Structure formats: C-alpha cells, structure tokens
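Visitor: I have a structure I would like to understand better, so I am pasting it below and will then ask my questions one at a time.
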Amino acid sequence: MYEGLFPFLTQFTYFDIYGVTIMKVVAMENWGLITVRQKLLLNNSSISTLTEGRLTQIVLAHEIAHQWFGNLVTMKWWDDLWLNEGFASMIGLKATDVLANTPLSQDELSVDIARAMRSDQMPSSAPISRRDEEFDPETAFTSNTYKKAMLIILMMERIVSEVTFRDGLRMFLNEFMYKNVDHADLLAVLTRVYNGSMIGERLVGRNFTLSEVIETWIYQRGFPLINVRGRSDGKVLVTHEIYQHVPGHKPSGVQWKIPLFIRDPLTLKPTVQWLLENSTAVLDLGADMVLDRDGRNFVRVRYDTDLYLNIIARLHANANCIPVAARVLLIDAIFSTRLMDDSFTLAEIGNISYAHALNLSVYLRKEVIFVLSYFRRSFRSSMSYFYVVIK
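Numbering (numbering that gives the first Met the number 0), first residue to last: 0 to 390.
Encoded structure:
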C-alpha cells in the first residue's frame with residue numbers, strides 16, 4: 000500500500016521491527032529499525048481480542064508511515080510536529096484497512112473525531128502549532144497533535160480532492176526527500192497541483208489561499224459551532240459562532256475559514272461552500288437536509304427544531320433498512336456518530352433540548368455499527384440514564 004502511494008524508499012530492501020520489554024512510548028519510528036513495546040507484538044488470534052489485534056495493526060502502520068513522513072522528509076522544527084504525526088495517523092489508519100481487508104478505519108475515525116473535539120473544547124486545550132520560535136517540544140506531544148492534526152489533514156484532502164491530494168503528496172515527497180520542510184512547503188506543492196486540477200475552481204475568485212485556510216485551524220484552539228436553520232423556500236441559513244463548552248472560557252478573537260462540504264442537489268457530486276469570518280450562507284441541501292453528510296469536518300452542528308425532527312424521522316427509517324448497505328446510502332455511520340456526539344454535547348451545556356438528543360438516540364437499539372458503543376463509555380459518568388435508551 001505504501002509503496003504504491005509513495006515509491007521512494009529504494010535504499011531499503013527490508014527494515015526491522017524490534018520488540019522492547021520496557022519503553023516510555025508505545026513505539027518509535029527509527030530509520031530502518033522500528034522499536035515497539037513487546038506486548039504489542041505478542042498477539043495470538045486464539046487468546047487476543049480483536050481490539051488488541053487492531054491496536055497492533057494501527058501502531059505498526061503508523062510507525063511505518065513515518066518512514067516517509069518524518070524520516071524521508073523531516074520537519075524543520077517542533078512547531079510542525081502536527082504535520083508529522085497527523086500524516087502518519089491518517090496514512091496508518093488507511094493502511095490498516097488494506098492490511099485487514101476491512102473498512103473499520105471509517106468507523107474508528109468517527110471515534111477519533113469525537114475524542115479530539117471533546118479534548119479541544121476544554122479551556123486547557125492549545126493550538127496544534129504556534130508562530131513561536133521558543134516552541135517547547137516537551138509540550139508538543141498531545142492527543143490533538145495526533146487526532147486533530149489528522150482531521151485537519153483530512154479536511155485539506157477533502158478541499159482539494161483525494162486524487163489531487165495524493166498526487167500532491169507524491170510530488171512533495173519527491174521534491175523534498177532528505178530535506179527539512181515546514182507546512183508552507185507542503186501547502187505550496189498542494190496549491191500548485193490543485194490549481195492545475197479539474198476542481199481547482201473551488202478557490203478561484205476567493206481572496207484567500209489554501210495556506211490561509213489551513214492556518215486558521217492550526218494556529219487557533221477550539222472550533223466553530225455551525226447553526227443551521229430551515230427557510231420557507233426549502234433552503235437553509237447557515238451561521239457560525241465560537242463554540243463555548245465551559246462558561247466564561249470563550250476564546251477571544253478566534254475566526255476560521257470554514258469549508259462546508261455538501262452535495263450538489265442536482266448532480267449529487269461533492270462540492271465545497273465557504274463560511275468566512277462574520278459571514279452567513281444560504282444553501283440548498285437537497286434531499287440530504289444535513290451539512291457534512293460524511294461527518295468529517297472539525298465543527299459542531301446545531302440544527303433548528305424542525306430540522307432535528309426531520310433527521311430523527313430519517314434515522315428511524317434508516318435503521319429499518321435491510322440490507323445494512325442500503326442504510327449507508329441514507330446516513331452513514333460516521334455522520335450518525337457525529338450527530339449523536341454533537342447532540343448530547345450541546346444538550347449537556349443547554350444549547351439544545353435533551354429531548355432532541357434522546358429521540359435521536361432511540362434508533363441505536365437497531366444499529367449494528369460497532370463504533371456507537373463509544374457513547375456507552377463516553378457518557379457513562381454524567382448520563383447514566385442514556386443506557387435506558389440503548390439497552
């Protein structure tokens with residue numbers, strides 16, 4: 000999988016993976032000699048759980064990805080550690096699907112998104128990068144350096160398209176192999192490839208660049224809350240504000256350039272609309288009636304009451320679809336997981352009624368996607384009555 004995407008490691012005919020009894024970290028991507036906690040290498044299919052086996056796959060895939068992102072091309076300084084770890088997390092997660100011949104990474108991604116947002120919504124969170132020459136590497140390794148960074152990179156991929164993104168990465172690795180880089184180098188290459196692609200018009204006529212979009216996400220902590228209200232003409236009005244989870248701890252002066260990923264109501268092809276600083280948007284969501292149907296944007300979304308009722312009705316219809324493949328055509332697993340996480344989190348701070356969240360969750364009794372068990376753990380401490388719905 001790696002060599003098909005990035006065929007540049009010609010100096011190695013093989014490299015070793017060595018199990019270490021005691022390690023401070025889980026694993027380390029040394030050039031040609033990956034070290035990993037011995038326990039992770041001692042999986043036995045007859046006694047190890049599926050979770051344990053999957054963890055081993057994810058860790059090893061992550062470290063192997065570092066042979067390209069970190070070793071072949073190395074960041075200039077610690078302030079771009081997010082790029083190094085985010086890429087390894089993203090490519091590693093995709094590689095585990097190829098290895099195991101499963102689509103589980105899509106389900107695990109929804110859990111990663113939920114965890115990253117719950118971390119980043121707290122006052123103690125920090126941006127994943129800083130314009131600071133005194134950047135302290137001891138504070139750089141946080142969960143957001145991995146999870147939020149991966150999601151920002153995936154957002155970047157969605158803006159420019161998967162094909163353009165892949166071509167840009169190949170060009171980037173080829174151009175900068177054995178060199179030190181920063182995120183501006185990557186964005187310059189991606190912009191060059193993107194502008195020459197068939198979908199380059201997504202930023203044509205805009206008074207901002209791809210770099211300016213991404214930097215609003217890496218240099219600021221937190222994320223926006225997107226408000227969606229229905230209109231009498233069938234379209235929706237979209238506004239945004241800074242998401243505040245803890246009263247009195249609202250980030251000041253924070254603004255984002257927000258890509259809104261929707262499907263064209265006529266062609267059903269993916270498209271990007273932009274929500275900029277102090278702006279609103281009127282969108283035709285067509286039959287989808289939801290923003291970000293794939294559930295991969297780093298925002299929380301709050302719908303008005305009528306839209307929630309519509310979504311609830313669709314979820315219940317969706318849960319009755321047989322076979323399961325038909326359900327993905329309506330609302331997929333990642334979106335439904337994101338919807339649950341958003342609704343219960345917003346209800347927790349009084350932004351929406353718990354009635355909406357609980358009515359949304361009733362369909363879980365018919366859900367077969369394993370990631371929804373994440374919420375059994377996530378809400379255990381503060382919402383024990385949630386079990387009444389999903390038992």
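Where is the CB? At the ideal position from N, CA and C, for every residue including glycine. None of the values given here were measured: they were computed from a predicted structure.
For the beta strand (DSSP E) containing glycine 229, name the first residue and the last one.
Guide: As a working mapping, residue 229 is identified with position 230 in the sequence shown. Looking at the DSSP string, the run of the beta strand (DSSP E) that includes glycine 229 is 223 to 229.
Visitor: Tell me whether valine 72 sits in a helix, a strand or coil according to DSSP, three-state version.
Guide: Counting from 1 along the sequence shown, the entry for residue 72 is found at position 73. Looking at valine 72 - three-state DSSP - the assignment turns out to be strand.
Visitor: Check the C-beta distance from leucine 224 over to isoleucine 261 and give it rounded, since I have them as a contact under 8 Å.
Guide: Here residue 224 refers to the residue found at position 225 of the sequence shown. Here residue 261 refers to the residue found at position 262 of the sequence shown. Contact flag wrong, Cβ pair sits at about 18 Å.
Visitor: Could you tell me whether the stretch 220 to 236 touches the stretch 159 to 173, using the rule of 3 or more Cβ pairs below 8 Å?
Guide: With a cut-off of 8 Å, the stretch 159 to 173 and the stretch 220 to 236 do not count as touching, because too few Cβ pairs lie within range.
Visitor: Return the first residue and the last residue of the beta strand (DSSP E) that aspartate 263 is part of.
Guide: Reading the sequence shown from its first residue, position 264 is the one you call residue 263. Unbroken run through aspartate 263: none, as it is neither H nor E.
Visitor: Could you tell me which residues DSSP puts in a beta bridge with valine 253?
Guide: Here residue 253 corresponds to residue number 254 of the sequence shown, with the count starting at 1. BP columns for valine 253 are empty, so no partner.
Visitor: According to DSSP, is tryptophan 273 part of a helix, a strand, or is it coil?
Guide: For the purposes of this step, residue 273 is taken as the residue at position 274 of the sequence shown. Tryptophan 273 falls in the strand class under three-state DSSP.
Visitor: From what residue to what residue does the beta strand (DSSP E) around threonine 238 run?
Guide: In the sequence shown, residue 238 corresponds to position 239, counting from 1. 235 to 241 is the span of the beta strand (DSSP E), which, as asked, contains threonine 238.
Visitor: On a CA-only basis, which of Ile57, Asn83, Thr336, Ser44 is nearest aspartate 293? Give me that one, please.
Guide: Walking along the sequence shown from the start, residue 293 turns up at place 294. Of the candidates Ile57, Asn83, Thr336, Ser44, the one whose C-alpha sits nearest the C-alpha of aspartate 293 is Thr336.
Visitor: If you run the structure through DSSP and keep just helix, strand and coil, what is proline 136?
Guide: Start at 1 with the first residue of the sequence shown, and residue 136 comes out as number 137. Looking at proline 136 - three-state DSSP - the assignment turns out to be helix.
Visitor: I need the DSSP call for isoleucine 475, collapsed to helix, strand or coil.
Guide: Lying outside 0 to 390, the shown extent of the chain, residue 475 is not represented and no answer is given.
Visitor: Quick one: is serine 109 buried, meaning 16 or more other Cβ sit within 10 Å of its Cβ, or exposed?
Guide: For the purposes of this step, residue 109 is taken as the residue at position 110 of the sequence shown. Classification of serine 109: buried, given that the 10 Å Cβ count is 16 or more.
Visitor: For alanine 316 and methionine 176, I'd like the C-alpha separation in whole angstroms.
Guide: If you number the sequence shown from 1, residue 316 lands on position 317. If you number the sequence shown from 1, residue 176 lands on position 177. Their backbone Cα atoms lie some 51 Å apart in a straight line.
Visitor: Would you give the residue range spanned by the alpha helix (DSSP H) that tyrosine 302 belongs to?
Guide: For this step, residue 302 is matched to residue 303 along the sequence shown. Segment 299 to 302 is the beta strand (DSSP E) holding tyrosine 302; no alpha helix (DSSP H) there.
Visitor: Could you tell me which of Gly195, Leu306, Glu276 sits nearest to glutamate 211, measuring between CA atoms?
Guide: The sequence position of residue 211 within the sequence shown is 212, counting from 1. When each option's Cα is compared against that of glutamate 211, the closest is Glu276.
Visitor: Using the Cα positions of phenylalanine 385 and leucine 338, report the straight-line distance between them to the nearest angstrom.
Guide: By one-based count along the sequence shown, residue 385 stands at place 386. By one-based count along the sequence shown, residue 338 stands at place 339. Note that phenylalanine 385 scores 45 on pLDDT, short of 50, meaning its location in the model is unreliable and no value can be drawn from it.
Visitor: Following the continuous beta strand (DSSP E) through leucine 282, name the residue where it begins and the one where it ends.
Guide: In the sequence shown, the residue the question calls residue 282 occupies position 283. Unbroken beta strand (DSSP E) run through leucine 282: 280 to 282.
Visitor: For a quick check, are the C-beta atoms of asparagine 350 and isoleucine 311 less than 9 Å apart?
Guide: Taking the first residue of the sequence shown as position 1, residue 350 is located at position 351. Taking the first residue of the sequence shown as position 1, residue 311 is located at position 312. The answer is no: Cβ separation not under 9 Å.
Visitor: Return yes when the Cβ of leucine 306 is within less than 9 Å of the Cβ of glycine 285, no when it is not.
Guide: Against the sequence shown, residue 285 aligns to sequence position 286. Against the sequence shown, residue 306 aligns to sequence position 307. Contact flag unset, no.
Visitor: Measure how close the beta-carbons of lysine 256 and phenylalanine 207 come, nearest whole angstrom, since I'm counting them as under 8 Å.
Guide: As a position in the sequence shown, residue 256 is number 257, starting the count at 1. As a position in the sequence shown, residue 207 is number 208, starting the count at 1. Sure, about 6 Å apart at Cβ, within 8 Å.
Visitor: Do glycine 85 and alanine 26 have their CB atoms nearer than 9 Å?
Guide: The sequence position of residue 85 within the sequence shown is 86, counting from 1. The sequence position of residue 26 within the sequence shown is 27, counting from 1. No. Outside cutoff.
Visitor: Excluding sequence positions up to five away, which residues of its chain have a Cβ less than 8 Å from the Cβ of isoleucine 241?
Guide: Numbered from 1 along the sequence shown, position 242 holds the residue referred to as residue 241. Taken in chain order, the residues that qualify are Gly221, Pro223, Leu224, Lys249, Pro250, Val253.
Visitor: CB-CB under 6 Å to threonine 34, same chain, minus the five flanking residues each way: which ones, in chain order?
Guide: In the sequence shown, the residue the question calls residue 34 occupies position 35. Cβ neighbours of threonine 34 beyond the five flanking positions: Tyr17, Val19, Met27.
Visitor: Does the distance from the CB of isoleucine 391 to the CB of tryptophan 81 come in under 9 Å?
Guide: For residue 391 there is no data in the structure shown, the boundaries of the chain being 0 and 390.
Visitor: Buried or exposed for valine 24, please, with buried defined as at least 16 other CB atoms from any protein chain shown within 10 angstroms of its CB.
Guide: Counting from one through the sequence shown, the residue named residue 24 turns up at place 25. With fewer than 16 Cβ atoms within 10 Å of its Cβ, valine 24 is classed as exposed.
Visitor: Would you give the residue range spanned by the alpha helix (DSSP H) that aspartate 181 belongs to?
Guide: Taking the sequence shown and counting its residues from 1, one reaches residue 181 at position 182. No alpha helix (DSSP H) contains aspartate 181, which DSSP labels as neither H nor E.
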